[in-house]
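K.L.:
Numbering (our numbering), first residue to last: 739 to 993.
1. Determine the direct distance from the alpha carbon of residue 926 to that of residue 881, and round the result to whole angstroms.
2. Give every residue of the same chain whose Cβ lies closer than 7 Å to the Cβ of residue 825, excluding the five residues on either side of it in the sequence, and list them in chain order.
3. Using beta-carbon positions only, say whether residue 783 and residue 817 come within less than 7 Å of one another.
4. Use the C-beta contact count for residue 873: other C-beta atoms within 10 angstroms, 16 or more gives buried, fewer gives exposed.
5. What residues in its chain sit with their C-beta under 7 Å from that of residue 989, if we drop five residues either side in the sequence?
6. Ends of the alpha helix (DSSP H) at residue 867?
7. On the three-state DSSP scale, how would you describe residue 983?
8. So the alpha helix (DSSP H) residue 793 belongs to, where does it begin and stop?
9. I believe residue 749 touches residue 842 by the beta-carbon criterion, under 8 Å. Please report the beta-carbon distance rounded to the nearest angstrom.
10. Look at the alpha carbon of residue 685 and the alpha carbon of residue 948, and state the distance between them as a whole number of angstroms.
11. For residue 854, count neighbouring C-beta atoms within 10 Å of its own C-beta (all shown protein chains included) and say buried if the count is 16 or more, exposed if not.
12. Would you report the Cα separation of residue 756 and residue 977, rounded to the nearest angstrom?
13. Mind checking residue 860: buried by the 16 CB within 10 Å criterion, or exposed?
14. Using the Cβ count rule (16 or more neighbours within 10 Å means buried), how would you classify residue 759?
15. Hey, which unbroken runs of the beta strand (DSSP E) at 3 residues or more fall wholly within the stretch 904 to 955?
16. Going by DSSP, what residues sit across from residue 900 in a beta bridge?
17. Counting only runs of 4+ residues fully inside the stretch 752 to 831, write out the alpha helix (DSSP H) ranges in chain order.
18. Tell me whether residue 916 is buried or exposed, calling it buried when 16 or more other Cβ atoms sit within 10 Å of its Cβ.
19. Should the stretch 882 to 895 be regarded as contacting the stretch 950 to 959, the criterion being three or more beta carbon pairs within less than 8 Å?
20. If you follow the beta strand (DSSP E) that residue 852 is in, where does it begin and where does it stop?
21. In chain order, what residues of the same chain lie with their CB nearer than 6 Å to the CB of residue 764, ignoring the 5 residues before and after it?
22. For the beta strand (DSSP E) holding residue 844, just list the boundary residues, first then last.
23. If residue 865 and residue 902 are in contact, beta carbons under 8 Å, what's the gap, nearest whole angstrom?
24. In or out: residue 913 buried (at least 16 other Cβ within 10 Å) or exposed?
25. With DSSP run on the structure shown, which of helix, strand or coil describes residue 743?
26. Alpha carbon to alpha carbon, how far is residue 775 from residue 812? Give it in angstroms, no decimals.
27. CA-CA distance, residue 827 and residue 905?
28. Have a look at residue 798 and residue 790 and give me their C-alpha separation to the nearest angstrom.
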């Protein structure tokens, strides 16, 4: 796309069926996208958040601020990831349904471009915002932990940071060896599989003392043991087998 060789703006707004205080608008302003560094600014405005008290917002785990602003540089890996996506945009205007977000790029010459698949692009934009929050120090990488039996029937425990800024997972194994996985697609697939499970917090553990239990630490401060505090999704009888297979596949390639 020619607009990638100039400055351009990416506009995003939550689906119209998402109410305040969660509804927001975001403007990404890209500068010199053709350069080696990825320089941009982000402005987020939460709509009608003034209608809620500080207590109500905090109880929902939300900031009392109704806007967020940042300007800086992201790791170059993000430029490559975004370029692949932006090159698939088409000229036109965005006319989303109630359950769809508004997403559009405005080029320097005021031409507009829209993604072919809104749902896929929304996921990418959410990841981009998470990466910016990390770089800005607003949020930390997602700390995850896994304990499972490998293909040799040995129990292993892996714990580390899943970074949206760097698009990788840096972890230590049971021996304390530090390793980084950069296959972001597999990491995302694993996380998506994990979070469809049912988590029973009342039965979860702050400290996992059993070294021979299939368990997940999803970043909330607790370990969840499969079949006990971690329950498979309704109707998905093979869930734990699938989850274990994906864990083995992801970590075995880094052995």
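Don't be surprised by glycine CBs; every beta carbon is placed ideally from N, CA and C.
P.N.:
Judging by the given coordinates:
1. Locating residue 881 in the chain shown gives position 143, where the first residue counts as 1. Locating residue 926 in the chain shown gives position 188, where the first residue counts as 1. If you take the alpha carbons of residue 881 and residue 926, they lie about 14 Å apart.
2. Residue 825 sits at position 87 when you count from the first residue of the chain shown. Once the five neighbours on either side are set aside, the close Cβ partners of residue 825 are 739.
3. Here residue 783 refers to the residue found at position 45 of the chain shown. Here residue 817 refers to the residue found at position 79 of the chain shown. One thing to note: residue 783 has its Cβ no nearer than 7 Å to the Cβ of residue 817.
4. Indexing the chain shown from 1 puts residue 873 at position 135. Classification of residue 873: buried, given that the 10 Å Cβ count is 16 or more.
5. In the chain shown, the residue the question calls residue 989 occupies position 251. Cβ neighbours of residue 989 beyond the five flanking positions: 896.
6. Translated into positions along the chain shown, residue 867 becomes position 129. That run of the alpha helix (DSSP H) goes 856 to 874.
7. Translated into positions along the chain shown, residue 983 becomes position 245. Annotated three-state conformation of residue 983 is helix, per DSSP.
8. Within the chain shown, numbered from 1, the residue matching residue 793 stands at position 55. For residue 793, the enclosing alpha helix (DSSP H) covers residues 792 to 797.
9. Here residue 749 refers to the residue found at position 11 when the chain shown is read from its first residue. Here residue 842 refers to the residue found at position 104 when the chain shown is read from its first residue. Sure, about 5 Å apart at Cβ, within 8 Å.
10. For the chain, the structure presents residues 739 to 993; residue 685 sits outside this window and is missing.
11. Within the chain shown, residue 854 is the residue found at index 116, counting from 1. Exposed, since its Cβ has fewer than 16 Cβ neighbours within 10 Å.
12. Mapped onto the chain shown, residue 756 falls at position 18. Mapped onto the chain shown, residue 977 falls at position 239. Residue 756 and residue 977 have their C-alpha atoms spaced approximately 30 Å apart.
13. Locating residue 860 in the chain shown gives position 122, where the first residue counts as 1. Here residue 860 is buried, its C-beta having at least 16 other C-beta atoms within 10 Å.
14. Counting from one through the chain shown, the residue named residue 759 turns up at place 21. Under the 10 Å beta carbon count, residue 759 is surrounded by 16 or more other beta carbons and is classified as buried.
15. If we require 3 residues or more, the beta strand (DSSP E) runs fully inside the stretch 904 to 955 come out as 906 to 910, 916 to 919 and 953 to 955.
16. As a first step, residue 900 is located in the chain shown; it is residue number 162 there, counting from the start. DSSP output for residue 900 lists 880 and 907 as bridge partner(s).
17. The stretch 752 to 831 contains these whole alpha helix (DSSP H) runs: 792 to 797 and 814 to 824.
18. Along the chain shown, one-based indexing puts residue 916 at 178. So residue 916 ends up on the exposed side.
19. Segments in contact, yes.
20. Here the question's residue 852 lines up with position 114 in the chain shown. 850 to 852 is the span of the beta strand (DSSP E), which, as asked, contains residue 852.
21. Taking the chain shown and counting its residues from 1, the one referred to as residue 764 is at position 26. The residues are 750 and 782.
22. As a first step, residue 844 must be located in the chain shown, where it is residue number 106. For residue 844, the enclosing beta strand (DSSP E) covers residues 840 to 844.
23. For this step, residue 865 is matched to residue 127 along the chain shown. For this step, residue 902 is matched to residue 164 along the chain shown. That belief holds up - the Cβ atoms of residue 865 and residue 902 are roughly 6 Å apart, short of 8 Å.
24. Here residue 913 corresponds to residue number 175 of the chain shown, with the count starting at 1. Here residue 913 is exposed: its Cβ has fewer than 16 other Cβ atoms, across all protein chains shown, within 10 Å.
25. Translated into the one-based positions of the chain shown, residue 743 becomes position 5. Three-state DSSP puts residue 743 in a helix.
26. Within the chain shown, residue 812 is the residue found at index 74, counting from 1. Within the chain shown, residue 775 is the residue found at index 37, counting from 1. The alpha-carbon of residue 812 is positioned some 7 Å away from that of residue 775.
27. To locate residue 827, count along the chain shown from 1; it is residue 89. To locate residue 905, count along the chain shown from 1; it is residue 167. Rounded to the nearest angstrom, the two C-alpha atoms are 23 Å apart.
28. On the chain shown, position 60 is the one that residue 798 refers to. On the chain shown, position 52 is the one that residue 790 refers to. Cα-Cα distance, rounded: 11 Å.
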